[in-house]
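Remarks on the structure that follows.
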Amino acid sequence: MYKKERYRIEPFRHRVDLEPDYKEKTWALLESSMLAIFDHNPSKLSFEELYRSAYNMVLHKFGNYLYDNVVRTISAHLEKVGKEVEGKSGEAFLQALVHCWSDYTRAMQNIRDILMYMNKTFVKQHSKAPVHELGLELWNKHLLQRPLVQSMLRQVVLAAILKFRKGDKTGNKLISQVTKMAMDIGPAVYETLVEEPIQQDTESFYRTMSQQAITS
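Here my numbering runs 167 ahead of the position in the sequence shown, where the first position is 1.
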């Protein structure tokens, strides 16, 4: 009986000769685009071209180089943001923190879209933090873990709570936004920066009220 031969079709392999400085040139394009996004100036960017550039970097085994430089660029940007926020005080500090957080989350959505292929392949294969989670981790590290920011945040939140107890509810929206930001970062951050200070202050407040009631 005639036996049909089985043929195996090999994938087509096309040799691509890269320029010696391919990864540096490609990263320079991506980095300048990230900075433009952070500076609210993305209108002239071609997101299709940027996606393709990031895609090709991963495809040509430059995923680690790309990921590390993304971390470096975001970190450098957040260091500038941290210094800007630290220059404010009182309610202006909260407003700046909330405003910068809003800008940052919008920018990171665009950056995540550009790095989608890296997210789906390199990140999973090498057990790296996905871009969204990475953005949260870096905001926490470079903003919320700054000692001065933590101290000012505690002071301003407690001052707003005191105003609320006196009937002034003008700062409620800002406090809600800060609370949501902390919860978005993670439960541990929320507990440390918001819940614990408020709980300690509330206990102290009612302890004082009880003592005053007893002695009066």
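The beta-carbon is built from N, C-alpha and C at its ideal position, and this holds for glycine as well.
**Backbone secondary structure at asparagine 286 - three-state DSSP** = helix
**Prompt:** Under a three-way DSSP split, which group does leucine 185 fall into?
**Reply:** coil
**Cβ pair leucine 264, leucine 305 closer than 9 angstroms** = no
**Message:** Closest to serine 343 by C-alpha separation, out of Glu251, Gly334, Glu362 and Ala221, would be which residue?
**Reply:** Glu362
**Request:** Take histidine 244 and list the residues in its own chain whose beta-carbon comes closer than 7 angstroms to its own, dropping the five residues that flank it on each side.
**Result:** Phe205
**Asked** Which term fits leucine 217, buried or exposed, when burial requires 16 or more other beta carbons within 10 angstroms of its beta carbon?
**Response** buried
**Message:** So valine 298 and asparagine 307 are supposed to be a Cβ contact under 8 angstroms. How far apart are they, rounded?
**Reply:** About 15 angstroms separates the two Cβ atoms, so there is no contact after all.
**Asked** Are the stretch 252-263 and the stretch 186-200 touching, with three or more C-beta to C-beta distances below 8 angstroms?
**Response** no
**Message:** Out of Leu301, Ala221 and Val316, which one is the CA nearest neighbour of glutamate 253?
**Reply:** Val316
**Own chain, CB closer than 7 angstroms to serine 220, minus 5 neighbours either side, in chain order** = Thr193, Leu196 and Leu197
**Message:** Using CA atoms only, rank isn't needed, just tell me which of Trp268, Val237, Tyr232 and Leu226 is closest to leucine 341.
**Reply:** Trp268
**Item:** Nearest candidate by alpha-carbon position, reference glutamine 312, set Ala355, Tyr234 and His227
**Value:** Ala355
**Message:** Determine whether the beta carbon atoms of isoleucine 278 and valine 248 lie at a separation below 9 angstroms.
**Reply:** no
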